[in-house]
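Report on one structure; see the data block that follows.
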Amino acid sequence: MNMHEQAIQLLKDAELLFRRKSFTSAGILAAKSVFAFSDYLLFSKFNLLVSDHEKRFKAFRFKFPELAPRLADAFDIYRTAYKQNLTQTEAEGVIDIAKNFLEPTGKN
0 MNMHEQAIQL LKDAELLFRR KSFTSAGILA AKSVFAFSDY LLFSKFNLLV SDHEKRFKAF
60 RFKFPELAPR LADAFDIYRT AYKQNLTQTE AEGVIDIAKN FLEPTGKN
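The sequence shown begins at 0 in numbering that gives the first Met the number 0 and counts up by one.
Following this line, the structure appears as structure tokens:
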């Protein structure tokens with residue numbers, strides 16, 4: 000499974016968990032799909048592999064400034080999910096962010 004396929008699978012799994020009302024798990028997987036989509040974008044367009052969140056944020060601020068705030072939003076929700084249960088709204092928000100990151104990849 001390549002980077003893009005993995006990101007899509009994470010998003011599909013997040014949507015399944017969301018439908019089952021497992022909002023925290025759905026949010027975590029959706030955030031991971033955002034990270035996977037962002038890594039795919041950096042690699043496919045710039046042949047750039049990042050090793051951690053900080054490097055991903057730096058690269059996105061420079062290469063994709065329009066998406067950088069959404070990446071930060073997804074990361075904030077991801078961190079919240081490890082401290083407390085996510086609400087339906089929070090989980091839905093990060094799933095929407097993941098869908099926004101799917102579009103620039105040019106694949107579905």
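Using N, Cα and C, we set each Cβ at its ideal position, and we do this for glycine too.
Through-space distance from residue j to residue i, alpha-carbon basis
i	j	result
residue 53	residue 20	31 Å
residue 58	residue 42	11 Å
residue 7	residue 15	12 Å
residue 22	residue 35	20 Å
residue 95	residue 87	12 Å
residue 0	residue 39	13 Å
residue 61	residue 85	30 Å
residue 45	residue 63	11 Å
residue 26	residue 11	12 Å
Endpoints, the alpha helix (DSSP H) within which residue i is located
i	result
residue 47	Segment: none, residue 47 is in no alpha helix (DSSP H) and carries neither H nor E.
residue 79	67-80
residue 86	Careful: residue 86 lies outside any alpha helix (DSSP H) and carries neither H nor E.
residue 115	This structure gives no information on residue 115, because the portion of the chain shown stretches from 0 to 107.
Per-residue burial, residue i [other beta carbons within 10 Å of its own, 16 or more giving buried]
i	result
residue 4	exposed
residue 111	One cannot answer for residue 111 here, as it falls past the ends of the chain, which runs 0 to 107.
residue 55	buried
residue 50	exposed
residue 31	buried
residue 89	buried
residue 48	exposed
residue 77	buried
Item checked: Validate contact between the region 67-85 and the region 93-102 using beta carbons, cut 8 Å, 3 pairs -> yes
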